[in-house]
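Asker: Quick one: the structure is below, and I'll ask about it shortly.
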Amino acid sequence: MSETKEIIYLTFPPDVSNQPVVCNLARVYDLSFNILRARISPKQEGQMTLEIIGDRKKCREGLRYLKEQGVGITPVAQKIRRVEDSCVHCGLCTALCPTKALRVDLNSREVLFLREKCSACGLCTSLCPVQAMVLETENGIWEAITEGA
1 MSETKEIIYL TFPPDVSNQP VVCNLARVYD LSFNILRARI SPKQEGQMTL EIIGDRKKCR
61 EGLRYLKEQG VGITPVAQKI RRVEDSCVHC GLCTALCPTK ALRVDLNSRE VLFLREKCSA
121 CGLCTSLCPV QAMVLETENG IWEAITEGA
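In this text, residue positions in the sequence shown follow the numbering used here: the first is 1, and each later residue adds one.
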């Protein structure tokens with residue numbers, strides 16, 4: 001099993017925004033998800049930033065399901081990387097990290113970066129005084145959607 005963790009931006013037309021399509025990702029495709037941001041406009045159009053976690057094949061199937069339901073999918077193909085030589089371990093980034101991917105080791109007093117917990121929100125990149133946290137783009141999720149199409 002090849003597990004993937006990706007962040008995508010979804011747009012829902014009014015006739016789909018009241019349907020449980022995201023819930024079906026978990027129920028039908030055995031995917032975990034984390035809603036990072038969601039909004040429904042006065043015209044009932046939905047927008048959601050979603051982190052999905054699960055088997056790569058199931059992820060691809062789930063994303064195809066969303067497309068079939070009329071959901072627009074845009075990859076937020078970004079990852080955070082720390083430039084180890086630049087980091088001064090000041091700890092500023094730990095205050096804003098919503099997923100606790102950045103934390104201070106109490107013994108060494110160094111900032112630890114747990115990439116597997118990172119949701120790539122980018123808060124640390126704007127706060128870091130020495131630009132040690134860098135936002136990188138990738139095409140992982142787009143490849144997952146189009147593979148074998």
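Ideal Cβ positions, reconstructed from N, Cα and C, are used throughout, including at glycine.
By the DSSP assignment, the alpha helix (DSSP H) with Lys57 in it spans what residues?
Answerer: 56-68 is the span of the alpha helix (DSSP H), which, as asked, contains Lys57.
Asker: Starting from Thr99, trace the alpha helix (DSSP H) in both directions and tell me its first and last residue.
Answerer: Per DSSP, Thr99 belongs to no alpha helix (DSSP H) and is neither H nor E.
Asker: What does the alpha-carbon distance come out to for the pair Gln131 and Thr99?
Answerer: Between Gln131 and Thr99, the C-alpha separation is close to 20 Å.
Asker: Tell me, please, which residues DSSP counts as bridged to Thr125.
Answerer: Answer is none; Thr125 lacks a bridge partner.
Asker: Roughly how many whole angstroms lie between the Cα atoms of Gln19 and Asn107?
Answerer: C-alpha separation (whole angstroms): 49 Å.
Asker: Identify which residue in Val21, Asp105, Gly54 has its Cα closest to the Cα of Lys5.
Answerer: Checked all of Val21, Asp105, Gly54; the closest Cα to Lys5 is Gly54.
Asker: Taking the CB atoms as reference points, tell me whether Leu114 and Asp105 lie closer together than 8 Å.
Answerer: Not closer than 8 Å, so no.
Asker: What do you reckon, are the CB atoms on Leu96 and Cys128 nearer than 8 Å?
Answerer: Contact: no.
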